[in-house]
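Using this note's numbering, you'd call the opening residue of the sequence shown number 10 and step up by one each time.
Heads up: the structure comes next, in structure tokens.
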Amino acid sequence: MYASLKSIGSYVPEKIMTNKDFEKIVDTSDEWIEQRTGIKERRIATADQATSDLGAKAAEKAIQRAGINKDEIDLVICATLSPDHLCMPSTACLISDKVGIRNCMAFDVAAACSGFVYMLSIAKAFIESGAKKNILLVGAEKISSLVDYTDRGTCILFGDGAGAAIIGVTEDKNEAIIDIHASADGKYSDLLITPGCGSKYPCRADNVDDKLQYIKMAGNEVFKVAVRTLTKDVVDILKTNGITSDDIDLFVPHQANLRIIEAVRNKLNFPKEKTVFTVGKYGNTSAASIPMAINDAYEAGRLKKGDLMLLDTFGGGFTWASGLVRFGGD
Ligand code: UT7
Numbered sequence: 010m011y012a013s014l015k016s017i018g019s020y021v022p023e024k025i026m027t028n029k030d031f032e033k034i035v036d037t038s039d040e041w042i043e044q045r046t047g048i049k050e051r052r053i054a055t056a057d058q059a060t061s062d063l064g065a066k067a068a069e070k071a072i073q074r075a076g077i078n079k080d081e082i083d084l085v086i087c088a089t090l091s092p093d094h095l096c097m098p099s100t101a102c103l104i105s106d107k108v109g110i111r112n113c114m115a116f117d118v119a120a121a122c123s124g125f126v127y128m129l130s131i132a133k134a135f136i137e138s139g140a141k142k143n144i145l146l147v148g149a150e151k152i153s154s155l156v157d158y159t160d161r162g163t164c165i166l167f168g169d170g171a172g173a174a175i176i177g178v179t180e181d182k183n184e185a186i187i188d189i190h191a192s193a194d195g196k197y198s199d200l201l202i203t204p205g206c207g208s209k210y211p212c213r214a215d216n217v218d219d220k221l222q223y224i225k226m227a228g229n230e231v232f233k234v235a236v237r238t239l240t241k242d243v244v245d246i247l248k249t250n251g252i253t254s255d256d257i258d259l260f261v262p263h264q265a266n267l268r269i270i271e272a273v274r275n276k277l278n279f280p281k282e283k284t285v286f287t288v289g290k291y292g293n294t295s296a297a298s299i300p301m302a303i304n305d306a307y308e309a310g311r312l313k314k315g316d317l318m319l320l321d322t323f324g325g326g327f328t329w330a331s332g333l334v335r336f337g338g339d
């Protein structure tokens, strides 16, 4: 019995924020942003949309495409770094309620941008052990709520959006999640961090005045570790499974920066045609980035049943993960 990625869906808010819009609020330029990041525009949620609203819309699409009833879903997991509420309830609980899924286990995963691939690893274990049969995974982010729009080093990078998948059971290895490698190293935690509004720097006026509730990133240092780690991660998972980049149908990297994607792609010799690029239109959507990219490929007709995807992601923690996943959907 194998775990299989049966369907994919995504949702992005309507409002588009372009690089030109940033020229009006920080000292930057359209040229700088595009050259250094590949980002042209990103989506921004409305004030009354929370992360769970974006996640619920993506989830509805994934459920409908899987062709299952909501009452067949026996586990809901949400990966996010921008939960609706800091402690409770979990965003997974809120998404379950909005979608109409009752009486099943629901919880959040905190692994920053690596969240979706971490969830695949958890879902694979639940399915292969026989404990669950239909798992809804949602990567959803309203990162605009955590961004300091006076910090030009971070504000231009992020966008809002959500992606979702149904992981089910298959007996056919040609539709299975083959392998997931997931890892972390907390010694780098200060390089990419939202310091405030947790137990260390509670949501007090002084901490908020110091802007500790916003994302802080040592961008250039993160960049170097990201390229090194993502490349090694891909080499390792291919080697462990005895396959080469030629066997991969679709390379789906985390969409943080086009230069990072290109560095990894060139080192491993993945052709452009086999790589998914969404960073230009959505920016970095953290835990939503990988499922949104898979959905983009699916809707463009680039992903068929049985195709072998290579997923690769890196984020705050630091956390990183790669996955070899055969698409099990129609
Ligand atoms: O998803 C989790 C993982 N996240 C990532 O992987 C993101 C990794 N980091 C990056 O994508 C890049 O480091 C950035 C896009 C954030 C920055 O690009 P960079 O080439 O590493 O630039 P830098 O940080 O070395 O800064 C170069 C210069 C600096 O000016 P000085 O000190 O040389 O005068 C910055 O102040 O660029 C300046 N700068 C900007 N200039 C115009 C930084 N942000 C901007 C900006 N517009 N928005």
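Think of the CB as a built atom: it goes at the ideal place given N, C-alpha and C, for glycine as much as any other residue.
{"Asked": "In chain order, which alpha helix (DSSP H) runs of at least 4 residues are fully inside the region 228 to 265?", "Found": "228 to 249"}
{"Asked": "Should H263 be listed as close to the ligand UT7, given that the test is whether its C-beta is under 7 Å from any heavy atom?", "Found": "yes"}
{"Asked": "Going by DSSP, what residue range makes up the alpha helix (DSSP H) through M128?", "Found": "G124 to E137"}
{"Asked": "Less than 8 Å between the CB atoms is what I'm expecting for Y127 and L63, so what's the real figure, rounded?", "Found": "Not confirmed; about 19 Å, so no contact."}
{"Asked": "What number of angstroms, rounded off, separates the C-alpha of S91 from the C-alpha of T60?", "Found": "7 Å"}
{"Asked": "Under DSSP, the alpha helix (DSSP H) around I152 begins and ends at which residues?", "Found": "Note, I152: premise wrong, no alpha helix (DSSP H); not H, not E."}
{"Asked": "Between the Cα of N216 and the Cα atoms of E23, P204, C122 and S331, which residue gives the shortest distance?", "Found": "P204"}
{"Asked": "Would you report the Cα separation of D57 and A68, rounded to the nearest angstrom?", "Found": "19 Å"}
{"Asked": "Distance, Cα to Cα, K141 vs F135?", "Found": "6 Å"}
{"Asked": "Starting from T163, trace the alpha helix (DSSP H) in both directions and tell me its first and last residue.", "Found": "R161 to C164"}
{"Asked": "Could you check whether V236 and I269 sit closer than 8 Å to each other, using their CB atoms as the reference points?", "Found": "yes"}
{"Asked": "Could you tell me which residues DSSP pairs with V147 in its beta bridges?", "Found": "C87 and A173"}
{"Asked": "How would you label H94, buried or exposed, when you count the other beta carbons within 10 angstroms and need 16 or more for buried?", "Found": "exposed"}
{"Asked": "Taking all protein chains shown into account, do 16 or more other C-beta atoms lie within 10 angstroms of the C-beta of C122, making it buried, or fewer, making it exposed?", "Found": "buried"}
{"Asked": "With C-beta atoms as the reference, is H190 less than 8 Å away from S295?", "Found": "no"}
{"Asked": "Could you compute how far the alpha carbon of T9 sits from the alpha carbon of P22?", "Found": "No answer is possible for residue 9: the residues shown for the chain start at 10 and end at 339."}
{"Asked": "Are F260 and L333 close, meaning C-beta to C-beta below 8 Å?", "Found": "no"}
{"Asked": "Give the C-beta separation of A71 and L145 to the nearest angstrom, bearing in mind that I take them to be a contact with Cβ-Cβ under 8 Å.", "Found": "7 Å"}
{"Asked": "For I34, does the three-state DSSP call read helix, strand or coil?", "Found": "coil"}
{"Asked": "So, with DSSP's three-state summary, where would you put R52?", "Found": "strand"}
{"Asked": "Following a CB-centred definition, is W329 positioned closer than 7 Å to any heavy atom of the ligand UT7?", "Found": "no"}
{"Asked": "Cβ-heavy atom distance between A235 and the ligand UT7 below 7 Å?", "Found": "yes"}
{"Asked": "For the beta strand (DSSP E) holding T328, just list the boundary residues, first then last.", "Found": "T328 to R335"}
{"Asked": "Would L312 and I224 qualify as a contact pair, given that the criterion is a beta-carbon distance under 8 Å?", "Found": "no"}
{"Asked": "Quick one: residues in its chain with C-beta nearer than 7 Å to the C-beta of E343, no 5 flanking neighbours on either side, listed in chain order?", "Found": "What is shown of the chain runs 10 to 339, which leaves residue 343 out entirely."}
{"Asked": "Name, in chain order, the residues that DSSP records as bridge partners for L14.", "Found": "I176 and F336"}
{"Asked": "What are the boundary residues of the beta strand (DSSP E) that S192 is part of?", "Found": "I186 to A193"}
{"Asked": "Between D117, P262 and C102, which lies nearest to T238 when the distance is taken from Cα to Cα?", "Found": "P262"}
{"Asked": "Taking the straight line between their C-alpha atoms, what separation do you get for N3 and E180?", "Found": "In the structure displayed, the chain extends from 10 to 339; residue 3 sits before or after that span and is not available."}
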